[in-house]
Amino acid sequence: YHPATDDRGVFVGQDKEVAGYYKRVAIAKDVKTLEEVQELNDEGKRGYLVANEDGTAYFELDGEKTEYVFDKQNFYLRDDTERNNGFPYTYINGRLVITDETTVTQYLRLTDEELEAYLQLK
0 YHPATDDRGV
10 FVGQDKEVAG
20 YYKRVAIAKD
30 VKTLEEVQEL
40 NDEGKRGYLV
50 ANEDGTAYFE
60 LDGEKTEYVF
70 DKQNFYLRDD
80 TERNNGFPYT
90 YINGRLVITD
100 ETTVTQYLRL
110 TDEELEAYLQ
120 LK
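The structure is reproduced here in structure tokens:
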């Protein structure tokens, strides 16, 4: 058994299904002050990412949605029709890690109970 494999020993990587509901669990970026660290820590535990099977997605925070599209390597802002400015991602074992120029953001797939609670809010 290896942590990057599923229960059958098959590597879980980019080629697996990314579609689903995720909660943001952490943000990492270069910050200078303790206040920035605390703010980033609080912000990193808020928000949801919904990735649909049709390659569309959105991030929701406090009722505000930012729309994206994604392929097997990158997320793109929906308005980036040329797909020039992608955010690379890695998906392993229910954890989605998205990187932009200065920030690494981690998302964790919602449990069945969390998903039910999230959908009831909609």
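Going by this note's numbering, the residue at position 29 of the sequence shown is 28; the numbering climbs one at a time, nothing skipped. Where a beta carbon is used, it is the ideal one built from N, C-alpha and C, also for glycine.
Exercise for the section: State the DSSP-derived secondary structure class of Val24, mapped to helix, strand or coil. Expected result: strand
Handout entry: Per DSSP, the bridge partner or partners of Arg19
Key = Inspection of the sequence shows that residue 19 is occupied by Gly rather than by Arg. Bridge partners of Gly19: Ala50.
Practice task
Starting from Arg82, follow its DSSP beta bridges and name the residues at the other end.
Solution key: Note: Arg82 sits in no beta bridge, so no partner.
Problem - Rounded separation between Asp78 and Gly62 - CA only - result: 20 Å
Exercise for the section: Assign Phe45 to one of two classes, buried (16 or more other C-beta atoms within 10 Å of its C-beta) or exposed (fewer than that). Expected result: The amino acid occupying residue 45 in the given sequence is Arg; Phe does not appear at that position. It counts as exposed.
Problem - Span separating the alpha-carbon of Tyr20 from that of Leu107 - result: 8 Å
Practice task
Compute the distance between the beta-carbons of Asp29 and Thr101, then report whether it is under 8 Å.
Solution key: yes
Practice task
Provide the residue(s) that pair with Lys64 in DSSP beta bridges, ordered along the chain.
Solution key: Glu59
Handout entry: Reference Gly85, options Gly93, Gln72, Ile91, Arg94, closest by Cα
Key = Gln72
Handout entry: Chain-order list of residues whose beta-carbon lies under 7 Å from that of Asn51 (same chain, five-residue window excluded)
Key = Ala18
Problem - For Leu109, the three-state DSSP class (helix, strand or coil) - result: coil
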